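S.K.: Below: one structure in structure tokens.
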Amino acid sequence: MSTPPQNLYEFGPFRLDALRCLLLRGGRHVPLSPKAFETLLVLVLNRGRVIRKEELIKRIWPDSFVEEGNLTQNIFVLRKALGEGPNDHRYIVTVPGQGYRFVAPVREAETTAGGDGATLADEAESTERVASVAVLPFKNLGDENDEDKYLGLGLADALITRLSSLSSIAVRSTTAVIRYADRQQNPREAGHELGVDTVLAGHFQRAGERIRVTVQLVSLRDSKTLWAEKFDEKFTDVFSVQDSISEQVARALTLKLTAEEQRLLTKRYTQNTEAFQAFIRGRYFWNKRTAEGLKKGIECAQQAISIDPVYALAYVGLADSYNLLAGHGGLPPKETFPKAKSAAMRALEIDNTLAEAYASLAFVSYRFDWDWTAAEKNFQRAIELKPNYPTAYHWYGESIVAMGRFAESIAELHKAHELDPLSIPINTDLGQSYYFAREYERSEDQLLKTLEMDSSFVRARVLCGAVYEQRGMHDAAIEMLQQAVALSENNPLTLSGLGHAYALAGQTAEAGRILEHLLRLSRERYVSAYNIAVVYTGLKQPDAALELLEQAYDNRDVWLVWLKVNPRFDS
Numbered sequence: 087m088s089t090p091p092q093n094l095y096e097f098g099p100f101r102l103d104a105l106r107c108l109l110l111r112g113g114r115h116v117p118l119s120p121k122a123f124e125t126l127l128v129l130v131l132n133r134g135r136v137i138r139k140e141e142l143i144k145r146i147w148p149d150s151f152v153e154e155g156n157l158t159q160n161i162f163v164l165r166k167a168l169g170e171g172p173n174d175h176r177y178i179v180t181v182p183g184q185g186y187r188f189v190a191p192v193r194e195a196e197t198t199a200g201g202d203g204a205t206l207a208d209e210a211e212s213t214e215r216v217a218s219v220a221v222l223p224f225k226n227l228g229d230e231n232d233e234d235k236y237l238g239l240g241l242a243d244a245l246i247t248r249l250s251s252l253s254s255i256a257v258r259s260t261t262a263v264i265r266y267a268d269r270q271q272n273p274r275e276a277g278h279e280l281g282v283d284t285v286l287a288g289h290f291q292r293a294g295e296r297i298r299v300t301v302q303l304v305s306l307r308d309s310k311t312l313w314a315e316k317f318d319e320k321f322t323d324v325f326s327v328q329d330s331i332s333e334q335v336a337r338a339l340t341l342k343l344t345a346e347e348q349r350l351l352t353k354r355y356t357q358n359t360e361a362f363q364a365f366i367r368g369r370y371f372w373n374k375r376t377a378e379g380l381k382k383g384i385e386c387a388q389q390a391i392s393i394d395p396v397y398a399l400a401y402v403g404l405a406d407s408y409n410l411l412a413g414h415g416g417l418p419p420k421e422t423f424p425k426a427k428s429a430a431m432r433a434l435e436i437d438n439t440l441a442e443a444y445a446s447l448a449f450v451s452y453r454f455d456w457d458w459t460a461a462e463k464n465f466q467r468a469i470e471l472k473p474n475y476p477t478a479y480h481w482y483g484e485s486i487v488a489m490g491r492f493a494e495s496i497a498e499l500h501k502a503h504e505l506d507p508l509s510i511p512i513n514t515d516l517g518q519s520y521y522f523a524r525e526y527e528r529s530e531d532q533l534l535k536t537l538e539m540d541s542s543f544v545r546a547r548v549l550c551g552a553v554y555e556q557r558g559m560h561d562a563a564i565e566m567l568q569q570a571v572a573l574s575e576n577n578p579l580t581l582s583g584l585g586h587a588y589a590l591a592g593q594t595a596e597a598g599r600i601l602e603h604l605l606r607l608s609r610e611r612y613v614s615a616y617n618i619a620v621v622y623t624g625l626k627q628p629d630a631a632l633e634l635l636e637q638a639y640d641n642r643d644v645w646l647v648w649l650k651v652n653p654r655f656d657s
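Counting in this note's numbering, the sequence shown runs from 87 upward without gaps.
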């Protein structure tokens, strides 16, 4: 896209520098991906008129075929960057069925590269300290094989674990960067998407018993390389490479570390490369959040443990996979959670300073033991040990909402969101907390934003359908839940939600058919009694619902913890 005659455009508290591709607010840099920046610039240049979606797509992606969802995602990112909330359209207005219009007054100011505008931008960039970093999965330059398939993500995951022990910098989690594992991505564009100041990117190549690693740390403020290095080591010395990268990154970012942080920066959880590879394969599958992936995660964690029985992080991987399997895999909680608890406790026996293990144990405490005191204690210990661990804030916020502590829950989930803004589960559970707090408009807004990020995420659709129910929007609820059922391939959780929606809409025959299907399925395999009770509640059959809830109680059902706050059971 060619640069327009004017370089600077000012609106509200913002200054858009077209020449330098910068958006500033009060002199501070607002991170945007290159395509999001181009979208904003096109809107500003055509302010006051409706730009059709087709025209925007053609101008922003002139040589590519892209879906409309890419444009929708850019608009979502821009609204968030500009601080627009629900029903707040100070800058960008959507014109249904047509496109978008930029409505804020804009003042133009032409400057040269050495003029005041550039100086202000330079000053803003030079005075900001580095506050965040993303470690991208390393790319394999050699022949791809099963052994090396997960090594690039594993190297990133190991560095993320080390760097996230530092309190002075926010490190994007593995769940945030995993999307870049299987695709080529410009580090600068990835960094803008992830909303960070710096990006650590690298390549590796296995050659016999040796591994060659090339790595660079790039500042997004000026695209300068802050540090770069090449390593050529025996593969068995891959941990030394990780030590060196961690230390030199901290040095390049001029971080002031405590003695404990310096120790954690080069802490090794295993000395065995085979165990390390098995562990990172397991984390790759765990991050998929599917029944198949979680079962594969268990298999890999067990393999790592068999190779190195004192590999504490491998026990955490085992615990986390078992923790999520009851909700995702249709297995009885009494089968999965005791194994998760045993693995988390073994991890703490090996290393009682492991924040991840405290978070895993706390998850069992609230979802299965129903021991709220123990859960809160362990979550707070995890946060104390690793203030940058988003999962601890995420699960903690998820737990205290069950007790009706809505404001605290939302605050904890916002902390998780700040650390991992692109996490689909975190964004979804923030919407869930709004739903439980009866803030239905905020919940809908949050869940629709989440679906703009990933339209295939089933649980966000299930929750959005539940929100529409509470707002009396029965047709919208049914449509949303039908989509969830299709995406989940008739998962009982999504079917129960759809049955409840049919019942509230007066379509009792449809609700009855779903109920019969769930009852028949429950005679063949484990189906959550809670989910069946949801349909009975919609059909206004409280005795049957209470009987099923008693069964759910006996089974220690994973969904029962929110019974007190779930609007579907207000009756």
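Every residue gets a Cβ at the ideal spot worked out from N, C-alpha and C, and that includes glycine. Quick caveat, the model's predicted, so the values are computed rather than measured.
Measuring alpha carbon to alpha carbon, tell me which residue in R611, V221, E610, T580 is nearest I600.
M.R.: Position 514 of the sequence shown holds residue 600. For the residues R611, V221, E610, T580, the minimum Cα distance to I600 belongs to T580.
S.K.: Might you give, ordered along the chain, the residues of its own chain that have their beta carbon closer than 8 Å to the beta carbon of N358, omitting 5 neighbours on each side?
M.R.: Position 272 of the sequence shown holds residue 358. If we look at N358 and ignore the five residues flanking it on each side, its Cβ neighbours are I393, D394, Y397.
S.K.: Starting from the C-beta of M559, find all residues in its chain whose C-beta is less than 8 Å away, skip the five residues before and the five after it, and write them out in chain order.
M.R.: Locating residue 559 in the sequence shown gives position 473, where the first residue counts as 1. Here the set comprises nothing.
S.K.: Grab me the residues of F317's own chain with a C-beta within less than 6 Å of its C-beta, minus the 5 sequence neighbours each way, in chain order.
M.R.: One-based indexing of the sequence shown puts residue 317 at position 231. These residues qualify, in order along the chain: V299, V327.
S.K.: Among V571, L118, T180, whose alpha-carbon lies nearest the alpha-carbon of D166?
M.R.: Your numbering for residue 166 matches position 80 in the sequence shown. Correcting the residue identity first, residue 166 is Lys in this sequence and not Asp. Nearest option by C-alpha distance: L118.
S.K.: Can you tell me whether A104 is buried or exposed, with buried defined as 16 or more other CB within 10 angstroms of its CB?
M.R.: Residue 104 sits at position 18 when you count from the first residue of the sequence shown. It is buried - the Cβ of A104 has at least 16 other Cβ atoms within 10 Å.
S.K.: Classify F188 as helix, strand or coil using the three-state DSSP reduction.
M.R.: In the sequence shown, residue 188 corresponds to position 102, counting from 1. F188: strand per DSSP, three-state reduction.
S.K.: For Q27, name the three-state secondary structure that DSSP assigns.
M.R.: A question about residue 27 goes unanswered here, because the residues of the chain that appear run from 87 up to 657.
S.K.: Grab me the residues of R296's own chain with a C-beta within less than 8 Å of its C-beta, minus the 5 sequence neighbours each way, in chain order.
M.R.: As a working mapping, residue 296 is identified with position 210 in the sequence shown. Cβ within range, chain order: D318, E319, K320, F321.
S.K.: In whole angstroms, give me the CA-to-CA distance for E633 and Y616.
M.R.: The residue you call residue 633 lines up with position 547 of the sequence shown. The residue you call residue 616 lines up with position 530 of the sequence shown. Answer to the nearest angstrom: the Cα atoms are 10 Å apart.
S.K.: So A552 and Y521 are supposed to be a Cβ contact under 8 Å. How far apart are they, rounded?
M.R.: As a working mapping, residue 552 is identified with position 466 in the sequence shown. As a working mapping, residue 521 is identified with position 435 in the sequence shown. Going by Cβ atoms, the distance from A552 to Y521 rounds to 6 Å, so yes, they are a contact pair.
S.K.: What does a CB cutoff of less than 7 Å around D540 pick up in its chain, not counting 5 residues either side in sequence?
M.R.: As a first step, residue 540 is located in the sequence shown; it is residue number 454 there, counting from the start. The answer, listed in chain order, is I510.
S.K.: According to DSSP, H115 sits in a beta bridge with which residue or residues?
M.R.: Position 29 of the sequence shown, counting from 1, holds the residue named residue 115. L110, per the DSSP bridge assignment.
S.K.: Quick one, are the C-beta atoms of A287 and L222 less than 8 Å apart?
M.R.: As a position in the sequence shown, residue 287 is number 201, starting the count at 1. As a position in the sequence shown, residue 222 is number 136, starting the count at 1. Yes, the Cβ-Cβ distance between A287 and L222 is below 8 Å.
S.K.: Would you mind giving the Cβ-Cβ distance between S407 and I384, rounded to the nearest angstrom? I have them listed as a contact below 8 Å.
M.R.: Taking the sequence shown and counting its residues from 1, one reaches residue 407 at position 321. Taking the sequence shown and counting its residues from 1, one reaches residue 384 at position 298. Contact holds; Cβ gap of about 5 Å.
S.K.: Under 8 Å by Cβ, that's how I've got A429 and T477 pegged, so tell me the actual separation to the nearest angstrom.
M.R.: For the purposes of this step, residue 429 is taken as the residue at position 343 of the sequence shown. For the purposes of this step, residue 477 is taken as the residue at position 391 of the sequence shown. Wrong, their Cβ atoms sit about 16 Å apart, outside the cutoff.
S.K.: Using the beta-carbon count (16 or more within 10 Å), is P148 buried or exposed?
M.R.: Here residue 148 refers to the residue found at position 62 of the sequence shown. With fewer than 16 Cβ atoms within 10 Å of its Cβ, P148 is classed as exposed.
S.K.: Per DSSP, what kind of secondary structure is Y612 in: helix, strand or coil?
M.R.: Translated into positions along the sequence shown, residue 612 becomes position 526. Here Y612 sits in coil by DSSP.
S.K.: So F290 and N226 are supposed to be a Cβ contact under 8 Å. How far apart are they, rounded?
M.R.: Position 204 of the sequence shown holds residue 290. Position 140 of the sequence shown holds residue 226. Right, the Cβ-Cβ distance comes to about 6 Å (below 8 Å), so this counts as a contact.
S.K.: Smallest Cα separation from P653: which of A523, K472, R606, D643?
M.R.: Reading the sequence shown from its first residue, position 567 is the one you call residue 653. Selected option, being the one with the closest Cα: A523.
S.K.: Considering only residues of the same chain and omitting the five flanking positions on each side of V584, which have a CB-CB separation below 8 Å?
M.R.: Locating residue 584 in the sequence shown gives position 498, counting from the first residue. Checking the sequence, you will find Leu at residue 584 rather than Val. If we look at L584 and ignore the five residues flanking it on each side, its Cβ neighbours are G551, I564, L567, Q568, A570, V571, I600.
S.K.: Are there 16 or more other CB atoms within 10 angstroms of the CB of H175, so buried, or fewer, so exposed?
M.R.: As a working note, residue 175 is residue 89 in the sequence shown. So H175 counts as exposed.
S.K.: Could you name the residues of the same chain whose beta carbon sits closer than 7 Å to that of A164, not counting the 5 residues immediately before and after it, in chain order?
M.R.: Residue numbering aside, residue 164 sits at position 78 when the sequence shown is read from its first letter. The residue asked about is misnamed: residue 164 is Leu in this sequence, not Ala. So the qualifying residues of the chain are A122, T125, L126, I178.
S.K.: Can you tell me the Cα-Cα spacing of N272 and T536, whole angstroms?
M.R.: Indexing the sequence shown from 1 puts residue 272 at position 186. Indexing the sequence shown from 1 puts residue 536 at position 450. Each residue's alpha carbon lies about 24 Å from the other.
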